[in-house]
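Under our numbering, the residues of the sequence shown are numbered 1085 to 1595, in order. The C-beta atom is built at its ideal place from N, Cα and C for all residues, glycine as well. Source: prediction; values computed, not measured. What follows is one structure encoded as C-alpha cells, with my remarks underneath.
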Amino acid sequence: MSAAPTYDLGKLHGGLRLPGEKSVSTTGPVLQAPIPDQLVLPLTQHVGNPSQPIVGIGEHVLKGQLIADTDGSLGAPVHASSSGKIVAIEPWPVSRRHGATAPCIVIECDGQDQAIETTEIVVDYAQLDPDSLLKKILQGGIVGLGGAVFPTAQKLMQAVTAPLDYLILNGVECEPYISCDDMLMREHAHDVLRGAQILMHALSLSHCHVAVESDKPQAMIALGEALGEIADDRIVLKQVPTIYPSGGEDQLVQLVTNKEVPTGGLPTDVGCVVQNVGTAAAINRWVVHGEPLISRITTITGGGVVQPVNVHARIGTTIADIVHLAGGYTDQANQLVIGGPMTGKSISTDRVPLVKATNCVLVLVDEVPLENPRPCIRCGECAEVCPIQLLPQQLYWFSCADNETKLREFGLTDCIECGCCDLVCPSHIALTADFRMAKARMRELADEKARAKRARQRYETRNLRVLIEQEKRDEELAAQKETAREIGPEAIKAIVARARKKSPGDQDEDI
C-alpha cells in the first residue's frame, strides 16, 4: 500500500483567535445522563423532509426501535431513545430561530430502558460491498453531528459519484465554549478511528486525515495511542492552528490538503469528503454494535450554569433535564443559546429537546449591552477577517439596497455566517444578521421566479395543447371535405336513396 503524500498545511485567510472558554467544561469526565421521565423526538432532525411516524399514540416502544421513517427522499429515520409509551404526536418547541414549533413524538419512559431485539445478524463491515454498507448506514438515522445534520449516508452516496482522494475527519471545534468533540476524542478515540475505517471502506478510499486543533493536546494523545493499537497506516493525524472558523468544511479542506474548494462547489470537487468525528463514532456504534443514533455528547456551559460539564444524553431529553446535571442555573442566568456564541440560536424555553445537532447548550449571564450601530466607515476590517475573502462592507450596502444582482455578483451565497465581521466592526453593525435576512429574501425571490416560471410553462403548455387540438380538428374537417369532393354528387344521391329505402316512414321528408 502506497503511503499518503504529505502536504504542508494550507493557510486560512482572515479568521480570528478567540478565547476558548473550554477548560471549564473539560476538567472532569463526560457524565452519563440518566433516563428522563419523558423524551421529545422531533420528526425533523436533519436536512431534508420530515420523517413520517410509523407508530401510534398508546403504543409501547423499545430502545432503538424505528418510530419514524423517511419517504424515500432526502432525510433520516428517527429511533426511540429508550423504552416507554407514545403519549403524543404533536407540535413542540424546538431549537429553531424565532421560537418555531415542530411535530414531535413524545415518549413517556418506563425506566426499564429495554432495547429492541434485532434479528439482523451483525456482519463484519469488511465483508460488505460499499453499496450494501452505505444502505446499512442509511438505516441508522445518522446525520452530520458537526452542525450541518445532512443525512450521512446520502452525503456519502453523492460523494462516491465523484473521484475521491481523501476522507477528512473534522475534530476542530473552533467556536468558543464547545468541547463535546474534544471529550469524545479523549474518551472514545477507538470509536472515532474505527468509524474512519468503516467510512474508508464505504468510500473505497485509502487515505484519511484526522484534523485536531492545537489546543486539544489530550485528544491528540488519545488518538495517537488508539492509532498505534489499531496499526492502520492509512490514517494520519494532523494538527491545525486554533483559528476561528478553521472548523468550517471548506476551510478545513484548504488547511489539511492545501486545496481550495471552488465558489459554489463542494469538497468532493477537490477529491475530499469531510465528516465530523462524532459522526464517525456514531457510524461505528451502529455498524459494529447495532445501536442507531439515539444519544450524543453535549456541552453544558456558560456563566449561567453552576458547573459546566459535558454530558452523554439521550436524543429527546429536554434542556431542562440536561442543565440539571450541570448543577442548575445560577442567579445570573439570562439567556439560553443552542450552539456556540458565534453561530448559535437563542431559545426562549428549556422545554426544547436535545436533538442530533445539539452540540452545546450555552447559558449566558447579563452582558454589557452592545452599542447602537453607527454608519459604516469603510475601514475594511471586516474584509480582513472574512475567511471566504468576501467584501462584507460592499455586501452590507447591497443588502440595504436590496440589490439581488450585486449580492450574487459579490458572493453573498458563499457567506458561511461565521460572525467574524460582526466582532471586528467598529460601528457595531449586525452584518451577519443583515446577510442572513438578505439570503432569505434572495431565496424568496428565487421561489417567486420558480413559481412564475412554472405558471408560464403551464400556460404555454395549455396553449400548445389547444393549438394542437385545433389543428387536428381543422385537418379532420379538411379531410371530410376532400372525401366529399372525391365521392361526387351522384354517389351522394345513391347513398341518400339507399337510406330512404331503409326508412319508409321518412319518404316525404325533404332531402
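In the three-state reduction of the DSSP assignment, I1431 falls in the strand class. Shown here for P1476: same chain residues with a beta carbon closer than 7 Å to its own, the five before and five after excluded, namely C1466, A1467, C1470, C1505 and L1515 in chain order. Within the same chain, Cβ atoms closer than 6 Å to the Cβ of K1106 are found at S1263, the five residues on either side in sequence being excluded. The closest CA to that of L1377, considering only L1218, S1430 and L1222, is found on L1222. Ranked by Cα distance from I1119, the options T1401, V1393 and V1389 are led by T1401. Around the beta carbon of R1540, a 10 Å sphere encloses fewer than 16 other beta carbons of the protein chains shown; the residue is thus reported as exposed.
Here G1332 is near I1500, since their CB atoms are less than 9 Å apart. By the beta-carbon neighbour count (other beta carbons within 10 angstroms, threshold 16), Y1543 is exposed.
Taking C-beta separations shorter than 7 Å and ignoring five residues to either side along the sequence, the partners of A1364 in its chain run L1253, V1276, G1279, A1280 and L1283, following chain order. Note that the C-beta distance between A1286 and P1214 is below 9 Å.
Exposure of A1562 is indicated by the presence of fewer than 16 other C-beta atoms within 10 angstroms of its C-beta.
Annotation for A1310: no beta strand (DSSP E) segment contains it, though the alpha helix (DSSP H) segment containing it runs P1301 to I1314. The DSSP-derived three-state label of R1462 is coil. Exposed is the label assigned to Q1564, since fewer than 16 other Cβ atoms lie within 10 Å of its Cβ. Within the stretch 1137–1209, complete beta strand (DSSP E) segments of at least 3 residues are found at 1150–1153, 1168–1177 and 1185–1193, given in chain order.
Inter-segment contact for the stretch 1490–1498 and the stretch 1437–1445 is absent: fewer than three beta-carbon pairs are separated by less than 8 Å.
Counting C-beta pairs with one atom in each stretch, the stretch 1258–1274 and the stretch 1160–1171 have fewer than three that are closer than 8 Å, which means they do not touch.
Around the beta carbon of P1437, 16 or more other beta carbons sit within 10 angstroms, so the residue counts as buried. For the pair V1190 and Q1122, the CB atoms are nearer than the 9 Å cut-off. Taken through DSSP and simplified to helix, strand or coil, Q1323 comes out as strand. With the rule of 3 Cβ pairs closer than 8 Å, the stretch 1289–1296 counts as touching the stretch 1245–1252. Checking the DSSP bridge columns, you'll see A1417 partnered with V1449. Counting the other CB atoms within 10 Å of its CB gives E1259 a total of 16 or more, which places it among the buried residues. The Cβ-Cβ distance between T1433 and L1448 does not fall below 9 Å. Annotated as distal: V1178 and L1158, with beta-carbon spacing of 9 Å or more. Note on the stretch 1521–1588: whole alpha helix (DSSP H) runs with a minimum of 4 residues are 1573–1586, in chain order.
Per the Cβ contact rule, the stretch 1384–1395 is in contact with the stretch 1405–1415 (3 or more Cβ pairs under 8 Å). In this structure, DSSP gives S1511 a state outside helix and strand, which the three-state scheme calls coil.
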